[in-house]
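Each remark here refers to the structure printed beneath this line.
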Amino acid sequence: MRSRHAWLIALPNVFLSCAITVFVSFTAIQFALFQQATTVPFGMPNETFAVRVRRSGPPLQASEGAGIRRELVRLLGATDAILVWVGEDFGLAVHDPNGFFAARPLRQGGYFDRADFGSELPSVLVKYGSPLYRMIADGSVLVGGAKATVRGVYDQNHPLYTREQFYVVSFLNTTSLQATYYLSSDLHVVSGIVDLLSRHGYTAQVIPATHSVASALRGLLNPIYTTAAAGLVFLWFNCFLVYFVMFTRFGKMFSVHMRFGATKTTLRNKLVAMAWLPMGMGTLLGIVTYAVIFRRSDGFSLVSLPAWVVPTGFALSLAMSTMLLVGAFSCQKIWATEVGKL
Amino acid sequence: MITQLVFSFRDIWRKPVIFGFFAIQLVVALFFGFVSLDQVRTSVQHTTVARGLADSRLVFFSPNIATLPQRRLTPTELMVTTLDESQRAYSVVTSLKLQDYPGLNVVVGLGAFAETFRLAGDLSAIPKPIAFVGHDVDVVQVGGVVEFGERNTENIAVRSRLPRGSSYILRGTPTSLDDSLLILVDAKSVLGYFFNSWQHFDEIMVNMCLVDPTGAELAQFVSRILNDAGVALNPIDLNAHSRQVHDGNFYGALFFLVFFGITMVYTLVGIVVNMLQLIDSHLSEYAIHLLSGARMWHLYARVFIYVFVLVSPPVMLVSWLFLLMHQMPMYGLVGVVPPLICLILLLAGFPILKLYKTDLFAHLRSDDQWH
Numbered sequence: 000m001r002s003r004h005a006w007l008i009a010l011p012n013v014f015l016s017c018a019i020t021v022f023v024s025f026t027a028i029q030f031a032l033f034q035q036a037t038t039v040p041f042g043m044p045n046e047t048f049a050v051r052v053r054r055s056g057p058p059l060q061a062s063e064g065a066g067i068r069r070e071l072v073r074l075l076g077a078t079d080a081i082l083v084w085v086g087e088d089f090g091l092a093v094h095d096p097n098g099f100f101a102a103r104p105l106r107q108g109g110y111f112d113r114a115d116f117g118s119e120l121p122s123v124l125v126k127y128g129s130p131l132y133r134m135i136a137d138g139s140v141l142v143g144g145a146k147a148t149v150r151g152v153y154d155q156n157h158p159l160y161t162r163e164q165f166y167v168v169s170f171l172n173t174t175s176l177q178a179t180y181y182l183s184s185d186l187h188v189v190s191g192i193v194d195l196l197s198r199h200g201y202t203a204q205v206i207p208a209t210h211s212v213a214s215a216l217r218g219l220l221n222p223i224y225t226t227a228a229a230g231l232v233f234l235w236f237n238c239f240l241v242y243f244v245m246f247t248r249f250g251k252m253f254s255v256h257m258r259f260g261a262t263k264t265t266l267r268n269k270l271v272a273m274a275w276l277p278m279g280m281g282t283l284l285g286i287v288t289y290a291v292i293f294r295r296s297d298g299f300s301l302v303s304l305p306a307w308v309v310p311t312g313f314a315l316s317l318a319m320s321t322m323l324l325v326g327a328f329s330c331q332k333i334w335a336t337e338v339g340k341l
Numbered sequence: 000m001i002t003q004l005v006f007s008f009r010d011i012w013r014k015p016v017i018f019g020f021f022a023i024q025l026v027v028a029l030f031f032g033f034v035s036l037d038q039v040r041t042s043v044q045h046t047t048v049a050r051g052l053a054d055s056r057l058v059f060f061s062p063n064i065a066t067l068p069q070r071r072l073t074p075t076e077l078m079v080t081t082l083d084e085s086q087r088a089y090s091v092v093t094s095l096k097l098q099d100y101p102g103l104n105v106v107v108g109l110g111a112f113a114e115t116f117r118l119a120g121d122l123s124a125i126p127k128p129i130a131f132v133g134h135d136v137d138v139v140q141v142g143g144v145v146e147f148g149e150r151n152t153e154n155i156a157v158r159s160r161l162p163r164g165s166s167y168i169l170r171g172t173p174t175s176l177d178d179s180l181l182i183l184v185d186a187k188s189v190l191g192y193f194f195n196s197w198q199h200f201d202e203i204m205v206n207m208c209l210v211d212p213t214g215a216e217l218a219q220f221v222s223r224i225l226n227d228a229g230v231a232l233n234p235i236d237l238n239a240h241s242r243q244v245h246d247g248n249f250y251g252a253l254f255f256l257v258f259f260g261i262t263m264v265y266t267l268v269g270i271v272v273n274m275l276q277l278i279d280s281h282l283s284e285y286a287i288h289l290l291s292g293a294r295m296w297h298l299y300a301r302v303f304i305y306v307f308v309l310v311s312p313p314v315m316l317v318s319w320l321f322l323l324m325h326q327m328p329m330y331g332l333v334g335v336v337p338p339l340i341c342l343i344l345l346l347a348g349f350p351i352l353k354l355y356k357t358d359l360f361a362h363l364r365s366d367d368q369w370h
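Heads up: the protein sequence lines correspond to chains A and B, in order.
Sequential numbering of the first sequence, starting at 0, is according to numbering that gives the first Met the number 0.
Sequential numbering of the second sequence, starting at 0, is according to numbering that gives the first Met the number 0.
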């Protein structure tokens with residue numbers, strides 16, 4: 000194999016491994032989304048229901064809303080249920096008098112007191128680094144139109160941390176009932192809450208707190224991912240074509256070798272052994288290209304991807320390239336004819 | 000030429016699956032490559048604008064939905080203090096239309112709008128309202144007069160044209176001013192121009208953005224809006240928002256751009272390799288054609304036609320889809336023709352060069368033709 004053939008093998012592998020590593024990264028992201036979709040949010044227990052609540056009647060008076068909230072808390076009070084309320088605004092709400100989240104680490108301060116969940120005097124946990132955090136003065140901050148006592152400050156290590164929300168209040172201090180309610184409770188209590196909300200002009204729909212594996216898989220195999228997979232097939236096909244045409248140039252050389260005792264297997268093994276160095280170098284260069292393009296930045300970090308992405312990309316590229324090389328070698332017309340004839 | 004056309008179609012007909020497969024590859028790689036490129040371009044623009052303003056540490060707001068129905072229309076004093084006097088905030092009204100130019104986008108900037116986005120130099124000595132036209136606006140020219148307002152009206156002369164790429168940030172999203180008329184107005188006077196001022200008041204309040212506020216200033220502003228207007232505002236840090244939204248979009252789009260870019264390169268290489276293979280398998284036929292009186296350019300034409308028929312429909316289809324997606328006029332397809340011809344010449348160039356360098360008669364005399 001001459002050096003130009005080595006280049007001819009190395010160069011496609013640079014692009015091939017870069018593209019395959021991008022695809023593996025995309026697969027890793029899809030896999031993370033799959034795990035997220037099949038895991039109960041906020042680290043809540045597995046027996047969690049989600050209730051999606053929308054307003055179907057005319058707008059409520061504020062006092063009426065407060066009454067419904069108190070009634071809802073009363074329903075929950077008889078059990079050790081946990082409620083996480085995810086509204087349309089920039090905050091979360093919890094009802095957790097038994098302190099399910101109390102043991103989780105906070106950046107500053109402490110968790111809500113048990114009394115906070117029965118009090119209409121607002122208290123709040125504030126997200127670290129958010130504008131609300133900067134607004135804290137004398138241990139309180141203005142949240143949702145009310146001055147709230149800051150109990151603590153949480154960061155990304157807390158299960159209630161989300162990118163979109165900036166604070167967590169106790170449920171009685173929410174300003175709306177339209178939200179998705181995550182309830183770790185028995186179905187009896189959930190039904191009671193659905194009835195309560197329905198009586199007051201809300202449409203409450205019980206939905207699974209997690210997606211089923213089948214539905215999460217459907218989400219995983221979305222059109223973009225499927226198209227990317229098709230793109231991968233195109234890449235392999237064209238890489239195969241390059242190898243195939245390269246080997247057609249070796250026809251006479253193969254014939255000579257076989258006349259002097261070589262077999263198809265020994266020739267193939269020899270070729271693969273010789274091709275591995277340029278193939279490996281090309282693959283490595285492709286991975287480096289990938290790392291340079293997607294270098295660490297504020298918005299994206301290679302570190303945030305699982306550690307298996309790069310080794311898998313490297314191994315998959317090398318394995319696929321070897322298979323394509325062997326395939327292109329085996330598909331040569333010369334093997335169908337009487338080989339060894341000069 | 001008709002003969003070469005027939006021969007080219009015969010070449011296609013001999014291996015229609017390969018031909019179709021390459022056409023599909025081109026459509027997929029071109030379409031997704033261009034969509035990703037477009038997204039990367041938009042994200043880069045957004046990120047550049049947001050990063051250019053990082054030092055301003057802008058904070059914008061989202062109103063608490065539950066408190067919106069209780070809003071009151073009284074805090075004009077707060078608006079005047081914040082927007083006109085302190086010059087540490089800006090706001091925007093984008094819902095206005097001018098009677099004389101109903102199709103023209105109008106952006107009304109208040110407070111430190113021009114200063115924050117470094118739009119037109121020092122305007123502190125010039126009385127407002129002041130009008131500027133975006134770079135791509137052609138219905139209004141510099142020096143032209145636009146009538147602004149409904150209840151009180153004022154004729155404003157367009158002062159100058161904004162540089163290309165001028166933009167501002169509307170609720171966290173960089174927005175171009177290239178196709179807009181910009182009118183800078185005092186907050187004190189803006190509501191007097193209109194009958195339904197409450198609507199514009201809402202917009203001004205929602206679009207309010209503070210420049211480098213301290214925590215105390217933020218708290219004071221949110222508190223005053225709550226007391227005066229009855230609306231609770233959620234402050235959002237623009238820098239964090241940009242990092243989260245625009246950088247995320249950028250890298251997401253870059254993922255696909257790199258992937259489909261490489262797919263595109265491979266597809267083009269595959270087409271060239273396929274053509275070289277096609278020529279290799281037809282060398283004897285070409286030699287016989289030459290012996291029968293054909294010229295070399297006839298053979299070149301045959302290759303060119305093959306590539307043309309393979310590449311043109313996918314490129315035109317993707318361009319058409321792209322124009323549809325961006326609601327652009329169909330005559331834009333004309334602009335695709337020069338790059339298309341370049342692409343065809345590039346792809347046909349390698350096989351034609353191979354044909355040019357091959358001694359076809361020597362091939363006919365050799366044993367290779369039997370393989």
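The beta carbon of each residue, even a glycine, is placed where N, CA and C say it ideally should be.
Note that the coordinates shown come from a computational prediction; the quantities given were computed from them, not determined experimentally.
Among the residues of the stretch 269-293 of chain B, those with a Cβ less than 7 Å away from any Cβ of chain A are Gly269, Val272, Asn273, Leu275, Gln276, in the order of the chain.
Assigned with DSSP and collapsed to three states, A:Thr37 falls in coil, not helix or strand. Contact check for A:Val50 against A:Ala203 passes: the beta carbons are separated by less than 7 Å.
From the listed residues B:Leu217, B:Asp54, B:Pro128, B:Ala22, the smallest Cα separation to B:Met263 is found for B:Ala22. Closest in C-alpha terms to B:Asn151, from the list B:Ala119, B:Ala113, B:Gly191, B:Gln38, comes B:Gly191.
Closest by C-alpha distance to B:Leu109, out of B:Ser188, B:Thr46, B:Ala239, B:Val48, is B:Ser188.
With a 10 Å radius around the Cβ and a threshold of 16 neighbouring Cβ atoms, B:Lys96 comes out exposed. For A:Asn237, the neighbours in chain B by C-beta distance under 7 Å run, in chain order, Tyr265, Thr266, Val268, Gly269. Taking a C-beta distance under 7 Å as the contact criterion, B:Val92 and B:His245 do not qualify as a contact pair. Rounded to the nearest whole angstrom, the C-alpha separation of A:Ala178 and A:Trp84 is 6 Å. Within the same chain, and ignoring the five residues on either side of B:Met315 in sequence, the residues whose Cβ sits closer than 8 Å to its Cβ are Leu332, Val335, Leu339. Our two residues, A:Ser214 and A:Ala36, have alpha carbons roughly 9 Å apart in a direct line. By DSSP's assignment, A:Tyr181 forms a beta bridge with A:Ala49, A:Val83. The beta carbon of B:Val317 does not come within 7 Å of any beta carbon belonging to chain A, so the residue lies off that interface. Look at A:Cys330 here: in three-state DSSP terms it is coil, with no helix or strand label. In this chain, B:Gln276 is not harboured by any beta strand (DSSP E); it is covered by the alpha helix (DSSP H) spanning 247-280.
Note that the C-beta distance between A:Arg150 and A:Ser129 is not below 7 Å. Among the residues facing chain A, B:Asn63 is included, as its CB has a counterpart in that chain under 7 Å away.
Below 8 Å, enough C-beta pairs join the stretch 11-18 of chain A and the stretch 307-317 of chain A to call them touching: three or more. Interface with chain B (7 Å Cβ-Cβ cutoff): A:Leu266 is excluded. Proximity of B:Ser222 to chain A, defined by a Cβ-Cβ separation below 7 Å, is satisfied. Against chain A, a Cβ distance below 8 Å from B:Leu225 picks out Leu141, Gly144. With 16 or more neighbouring CB atoms inside 10 Å of its own CB, A:Phe239 falls in the buried class.
With a cutoff of 7 Å on beta-carbon distance, B:Ile351 and B:Val306 are scored as not near each other. The beta carbons of A:Phe170 and A:Leu82 sit about 6 Å from each other, so the pair counts as a contact at 8 Å. Contact between the stretch 98-113 of chain B and the stretch 139-156 of chain B is established, with three or more Cβ pairs separated by less than 8 Å.
Chain-order list of chain A residues neighbouring B:Phe349: empty, with the shortest C-beta distance near 12 Å, by a criterion of under 7 Å. Against chain A, the beta carbon of B:Ala218 has neighbours under 7 Å at Met134, Ala136, Leu141, listed in chain order.
Burial check for B:Cys341: the Cβ neighbour count within 10 Å stays below 16, so the residue is exposed.
One Cα belongs to A:Thr225, the other to B:Tyr299, and the distance between them is close to 38 Å.
For the stretch 97-131 of chain A, residues whose beta-carbon sits nearer than 8 Å to a beta-carbon of chain B comprise Gly128, Ser129, Pro130, Leu131. At a cut-off of 7 Å, the C-beta of B:Pro234 has a neighbouring C-beta in chain A.
In this chain, A:His157 is not harboured by any beta strand (DSSP E), its DSSP state being neither H nor E.
At a C-beta separation below 9 Å, B:Phe360 has no neighbours in chain A, since its nearest C-beta there lies roughly 21 Å away. When C-beta distances to chain B are compared with 7 Å, the residues of the stretch 69-94 of chain A below that value are Glu87, Asp88, Phe89, in chain order. A:Leu216: member of the alpha helix (DSSP H) spanning 212-219, first to last residue.
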